[in-house]
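Q:
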């Protein structure tokens with residue numbers, strides 16, 4: 001069976017409060033909350049430069065299933 005991935009083009013939108021994010025959720029927790037509900041996100045980071053290993057590691061540590 002095919003896998004389906006759902007996500008958006010980014011996750012750090014303050015305007016998504018309170019529709020998607022709880023109103024009291026700190027911005028530092030947006031990625032963890034997002035990843036607990038959606039299984040993919042498009043980050044426009046690589047358009048500007050490739051992330052280094054530390055950046056990838058830190059990002060991974062902030063996702064729900066990290």
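Numbering (our numbering), first residue to last: 1 to 66. All C-beta atoms, glycine included, are put in the ideal place defined by N, C-alpha and C.
Would you say residue 12 reaches chain C, if we count a Cβ-Cβ gap shorter than 7 Å as a contact?
A: No chain C appears in the structure shown, which is made up of a single protein chain.
Q: With DSSP as the reference, label residue 40 as helix, strand or coil.
A: Here residue 40 sits in strand by DSSP.
Q: Would you call the stretch 42-61 and the stretch 8-25 in contact, with 3 or more CB pairs under 8 Å?
A: Counting Cβ pairs under 8 Å, three or more are found: they touch.
Q: How would you label residue 31, buried or exposed, when you count the other beta carbons within 10 angstroms and need 16 or more for buried?
A: By the neighbour-count rule (16 or more Cβ atoms within 10 Å), residue 31 is buried.
Q: Rounded to a whole number of angstroms, what is the C-alpha to C-alpha distance between residue 14 and residue 33?
A: If you take the alpha carbons of residue 14 and residue 33, they lie about 13 Å apart.
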